[in-house]
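Trainee:
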Amino acid sequence: MSQPFRITRCQLCDHAIFHPLPVCPRCGRRSWRSEVARHGTVEHATSRLDAQTGESVWLAEVRLDVGPLVTARCAPAVGAGERVCLALVPAGDTAFRLLASPQRGA
Amino acid sequence: MSSAVLIGAGEARYRRHPGPETTTETLLVEAAHAALDDAQLERKDIDAMALSSFTLAPDHAIDLAWRLGLNVRWLMEDTNGGASGLNMLQHAARAVEAGDATRVLILAGDRMGATEFARLAASYNVVTRDYLAPLPCEGPNTLFSFLTQRHMDLYGLAREDYGQIAVAQRGWAMLNPRAVYRASLSIEEYMRAPMVAPPLCRYDCVPVVSGADAVVVASGDAVSGRPCASVRAIVASYNPDNQESDGLRTGLADAAPALWRAAGCEPKDIDLASVYDDYPVMVLILLNDLGMIRDGDLSRFLHHRIGTERWPLNTSGGMLSAGQAGAAGGLHGLVEAVTQLCDSAGARQIPARHALVVGYGMVLARYGACANAAVLERIA
Numbered sequence: 001m002s003q004p005f006r007i008t009r010c011q012l013c014d015h016a017i018f019h020p021l022p023v024c025p026r027c028g029r030r031s032w033r034s035e036v037a038r039h040g041t042v043e044h045a046t047s048r049l050d051a052q053t054g055e056s057v058w059l060a061e062v063r064l065d066v067g068p069l070v071t072a073r074c075a076p077a078v079g080a081g082e083r084v085c086l087a088l089v090p091a092g093d094t095a096f097r098l099l100a101s102p103q104r105g106a
Numbered sequence: 107m108s109s110a111v112l113i114g115a116g117e118a119r120y121r122r123h124p125g126p127e128t129t130t131e132t133l134l135v136e137a138a139h140a141a142l143d144d145a146q147l148e149r150k151d152i153d154a155m156a157l158s159s160f161t162l163a164p165d166h167a168i169d170l171a172w173r174l175g176l177n178v179r180w181l182m183e184d185t186n187g188g189a190s191g192l193n194m195l196q197h198a199a200r201a202v203e204a205g206d207a208t209r210v211l212i213l214a215g216d217r218m219g220a221t222e223f224a225r226l227a228a229s230y231n232v233v234t235r236d237y238l239a240p241l242p243c244e245g246p247n248t249l250f251s252f253l254t255q256r257h258m259d260l261y262g263l264a265r266e267d268y269g270q271i272a273v274a275q276r277g278w279a280m281l282n283p284r285a286v287y288r289a290s291l292s293i294e295e296y297m298r299a300p301m302v303a304p305p306l307c308r309y310d311c312v313p314v315v316s317g318a319d320a321v322v323v324a325s326g327d328a329v330s331g332r333p334c335a336s337v338r339a340i341v342a343s344y345n346p347d348n349q350e351s352d353g354l355r356t357g358l359a360d361a362a363p364a365l366w367r368a369a370g371c372e373p374k375d376i377d378l379a380s381v382y383d384d385y386p387v388m389v390l391i392l393l394n395d396l397g398m399i400r401d402g403d404l405s406r407f408l409h410h411r412i413g414t415e416r417w418p419l420n421t422s423g424g425m426l427s428a429g430q431a432g433a434a435g436g437l438h439g440l441v442e443a444v445t446q447l448c449d450s451a452g453a454r455q456i457p458a459r460h461a462l463v464v465g466y467g468m469v470l471a472r473y474g475a476c477a478n479a480a481v482l483e484r485i486a
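Note that the protein sequences, when read in sequence, are chains A and B.
Residue numbering for the first sequence follows this note's numbering, starting at 1 and increasing by one per position.
Residue numbering for the second sequence follows this note's numbering, starting at 107 and increasing by one per position.
1. Leaving out five residues before and five after A458(B) in sequence, what residues of the same chain have Cβ atoms less than 8 angstroms from its Cβ?
2. Around the C-beta of Q11(A), are 16 or more other C-beta atoms found within 10 angstroms, so that it is buried, or is it exposed?
3. Note down, in chain order, each residue of its chain lying with its Cβ closer than 6 angstroms to the Cβ of G188(B), except the 5 sequence neighbours on either side.
4. To test your reading of the DSSP string, which unbroken beta strand (DSSP E) runs of 3 or more residues are found completely within the region 129-173 of chain B?
5. Could you check how far apart the C-beta atoms of N192(B) and A156(B) are, in whole angstroms? I think they sit under 8 angstroms.
6. Measure from the C-beta of A303(B) to each C-beta in chain A and report whether the shortest distance is under 8 angstroms.
7. Please report the Cβ distance between N186(B) and C476(B), rounded to the nearest whole angstrom; I am assuming they are in contact, meaning their Cβ atoms lie under 8 angstroms.
8. I'd like to know if L108(A) contacts chain B, where contact means its C-beta is closer than 8 angstroms to some C-beta of that chain.
9. In this structure, does DSSP put S427(B) in helix, strand or coil?
10. Can you tell me which residues form a DSSP beta bridge with D184(B)?
11. Mapping the DSSP letters down to three states, classify G370(B) as helix, strand or coil.
12. Just verifying my parser: in three-state terms, what is the DSSP assignment at L358(B)?
13. Let me check understanding here. Comparing Cα to Cα, which of T161(B), I391(B), R121(B) lies closest to R225(B)?
14. Using DSSP's beta-bridge definition, name the partner residues of E127(B).
15. Excluding the five sequence neighbours on either side, which residues of its own chain have a C-beta within less than 7 angstroms of the C-beta of S109(B), listed in chain order?
16. Please list the partners that P25(A) has in chain B, where partner means a Cβ-to-Cβ separation under 7 angstroms.
17. By the criterion of Cβ-Cβ separation under 7 angstroms, what are the contact partners of N247(B) in chain A?
18. So for D403(B), helix, strand or coil by DSSP?
19. Show which residues of chain B have a CB atom less than 8 angstroms away from the CB atom of F5(A).
20. Across the region 174-186 of chain B and the region 120-130 of chain B, are there enough close Cβ pairs to call them in contact, namely three or more that are closer than 8 angstroms?
21. Interface residues of chain A around P79(B) at Cβ under 7 angstroms?
22. Within the same chain, show all residues whose beta-carbon is closer than 6 angstroms to that of R97(A), passing over the 5 residues directly before and after it, in chain order.
23. So what does DSSP say about R121(B), is it helix, strand or coil?
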């Protein structure tokens, strides 16, 4: 089922990134820890038709509370400024999909 | 200033729906012969070759050299998509200046049917495969929707502003028998077009085609054939910001002073521009980074310079109307600039002396990481 979404943070300069990288883009060193990122705010959203299924897929750029900007699947008609919770859900046998759901009580 | 000159250009006809007889190799061969014919050269005159292609695998540049019967002393293969054309031009110019080559055939092309495009889009790089494709968010349309929204917010522009570029370029395409879309397009039709990824509509996204492009670069001291344009300056920028910025400014903003200094001219001297137009927003960003938009007034540039004056921007119709043939998209604008400076552009011919060519490409995670620009000058 769903798993917590984790970002990567440099243990030396504290810089946080979305996609894991071998070398910290800020300080150039290679000492990382992972950190759960649960909440964020939608900056932009759009929708497109999936070529395989013919269904409308909504996607958003979400600014995490802990810093990085991430690209995530989201619910239809999500708009800029909306608060969301993030989690990884299975997408196929081995892949995971980052899902941004409306934050309850927000 | 470089001593390299461009002595020919050619293109394999772009095809919206390639048949089974059309392969990446047949397209590259067609473009190679078109460029050699244009340069009035035979294959024995070529002693260097450069190639960019997403779909020639498992073959590489050396396989193509063999299959074309080219015996060369300098060879390169480039993987930089929309920035590949000018990257190959930059390397080729230095090779002929250094004496490592005399005449370089630069090639780019792809058979991009639906299957090839889907495969490329889903496995463009590791981040796309592991993070974007499972969303599913393969292909660049969604990411450039976000980028266009950021650009709209920053500059206060609306869809009909960006539409000026698509509409004006279609006007040029109507004069180019090689463009895949040549029917007239009004701003009203643009505004009514089906959405692809709002705010991007059908006319903001390049039609995927199959095709190939080629140019021949030669040493200025050893010119045979038909010299038509000198390479005055080329600058490039790769991974300027680790994908941690907003994508609204490319590495060309920092490289622009060096470009104009080396070219010995200014933005106002440019008579014609071929700017990588995967999306209209990128045309604006790249031109603004290079100081080509007076006072940074984007709205005035769009409505007056492009909309009313029809300033010569992407006179082939650009990729938006002529089509994007995979890696050939990185060479298409250079071929058009050379065609214009050689007075071979037919009904769309512009009396240009200086041409600007701009490349952009390779979305790593959120926006393109490669950008380059060249200034060419007509040889009288």
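The C-beta atom is built at its ideal place from N, Cα and C for all residues, glycine as well.
Mentor: If we stick to the structure as given:
1. D377, L378, P418, Q446, L447, R484.
2. Exposed.
3. Hits under 6 angstroms: Y382, G435, G436, G465, Y466, G467.
4. Here the runs fully enclosed are 154-158.
5. Looking at the sequence itself, residue 192(B) is Leu, so the reference to Asn does not match. Rounded to the nearest angstrom, the Cβ distance from L192(B) to A156(B) is 11 angstroms, too far for a contact under 8 angstroms.
6. Answer yes: the Cβ-Cβ gap between A303(B) and chain A drops below 8 angstroms somewhere.
7. Between N186(B) and C476(B), the beta carbon gap of about 5 angstroms places them in contact (Cβ cut-off 8 angstroms).
8. Because chain A in this structure spans residues 1 to 106, residue 108(A) falls outside the shown range and cannot be described.
9. Taken through DSSP and simplified to helix, strand or coil, S427(B) comes out as helix.
10. DSSP lists S158(B) as partners of D184(B).
11. Coil, per DSSP.
12. Three-state result, L358(B): helix.
13. The shortest C-alpha separation from R225(B) is found at T161(B).
14. The partner list for E127(B) (beta bridge, DSSP) is empty, contrary to what the question assumes.
15. Around S109(B): E203, S325, G326, D327.
16. Proximity of chain B to P25(A) at the Cβ level (cut-off 7 angstroms) is accounted for by N348, E350, in chain order.
17. In chain order: R48.
18. If DSSP states are grouped into helix, strand and coil, D403(B) belongs with coil.
19. The contacting residues do not exist; F5(A) stays about 11 angstroms from chain B at best.
20. No, they do not touch.
21. Not covered by the structure: residue 79(B). The range shown for chain B is 107 to 486.
22. For R97(A), where only same-chain residues beyond five positions count, the Cβ hits under 6 angstroms are R73, V89, A91.
23. In this structure, R121(B) counts as strand in the three-state DSSP scheme.
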